[in-house]
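Residue numbers (UniProt numbering): 1 to 268.
Structure, as structure tokens:
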């Protein structure tokens, strides 16, 4: 697979760096929305699997994340991030008119992807939500109530059963290792509430994948949000023993195969 090409555009609140992994004859567009505190560079293997499957893959580093501009991890509105994501979608559609688009969001990116699907219902042919921040997130509620947000680094063991994943995360200079910003906490809760109030995704083909040992975004809290979105097109896949980053788990190849099989069922 060719190396990703980076490009920059003027986002809602600052310059956004996006990546695209091309192939000469794509049959669909895959758009990736990464999680809180990380960046799209951690998704090289996901992009490789999707490119091999027939996709041109693209996505941004969200505002305040990775190589994009802005105060680190400061988000004032989830809809701002959705608007930046829409710019990436429009660019990909301009380069590849007529191709179906599959939107894949992990964690906070799952919240962004779900909100995107509600606001731009005609755009995605399919939606994949990986450990999405939806419904009830008790850790967020605790931060909202805290007089002072603690500066406690993430326990990297909660990411994956593969210890190399945690080690790479801890050593990555583009990953945010500091505390949440209160403005961001409020924006995320407001975004969760917006999605809950936004109603079902109807017959949009949607795959929800979640580890049953996810201690960062626990399964049962997310389930409440999934029920608010659920329509006849929703399929859930709960992964025994998996932690938060199911695309980085010890059985990542099988999980990614689940995603590509889902895409085949939708597109064929």
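No residue lacks a Cβ here, since even glycine has one placed at the ideal position from N, Cα and C.
- One thing to note: residue 105 has its Cβ within 8 Å of the Cβ of residue 130.
- DSSP places residue 163 in no beta strand (DSSP E) but in the uninterrupted alpha helix (DSSP H) bounded by 163 to 171.
- For secondary structure counted as the alpha helix (DSSP H) over 4 or more consecutive residues, the region 52 to 83 holds no complete run.
- Close CB contacts of residue 46 within its chain, under the 6 Å cut and outside five residues either way in sequence, are with 247 (chain order).
- The Cβ-Cβ distance between residue 78 and residue 191 falls below 8 Å.
- Taking 3 residues as the shortest admissible run, the region 178 to 225 contains the following complete beta strand (DSSP E) segments, listed from N- to C-terminal end: 206 to 211.
- Beta-bridge pairing by DSSP links residue 261 to no other residue.
- Separation of the CB atoms of residue 161 and residue 250 is rounded to 5 Å, and the pair is thereby assigned contact status at 8 Å.
- Taking the Cβ atoms as the reference, residue 133 lies roughly 6 Å from residue 217, within the contact range of under 8 Å.
- For residue 114, the enclosing alpha helix (DSSP H) stretches over residues 108 to 119.
- Fewer than three beta-carbon pairs drawn from the region 167 to 179 and the region 200 to 214 are found closer than 8 Å, and the two stretches are therefore not classed as touching.
- In the structure shown, the three-state DSSP call for residue 14 is coil.
- The residue from 116, 239 and 101 with its alpha-carbon nearest to that of residue 213 is 239.
- By the Cβ-count criterion, residue 10 is exposed, with fewer than 16 other Cβ atoms from all chains shown falling within 10 Å of its own Cβ.
- For residue 143, the enclosing alpha helix (DSSP H) covers residues 138 to 145.
- When the Cα atoms are used, residue 18 and residue 58 turn out to be separated by approximately 7 Å.
- The three-state reading of DSSP puts residue 160 in coil, since its state is none of H, G, I, E or B.
- Scanning its chain for C-beta atoms nearer than 7 Å, with the 5 sequence neighbours on each side dropped, one finds around residue 200 the residues 229, 230 and 231, in chain order.
- The shortest C-alpha to C-alpha distance from residue 24 to any of 43, 96 and 76 is the one to 96.
- When secondary structure is reduced to three states using DSSP, residue 4 falls in the coil class, being assigned neither helix nor strand.
- Rounded to whole angstroms, the separation of the alpha carbons of residue 241 and residue 67 is 33 Å.
- In this model, residue 50 and residue 20 are separated by some 12 Å (Cα to Cα).
- For residue 250, there is no enclosing beta strand (DSSP E), as DSSP gives it neither H nor E.
- When 7, 14 and 139 are compared, the shortest CA-CA separation from residue 185 is found for 139.
- The residues 135, 136, 137 and 138, in chain order, have a CB closer than 7 Å to that of residue 221 in the same chain once the five nearest residues on each side in sequence are set aside.
- Cβ atoms of residue 81 and residue 56 stay farther apart than 8 Å, at about 22 Å.
- Ranking 260, 243 and 27 by CA distance to the CA of residue 159 puts 243 first.
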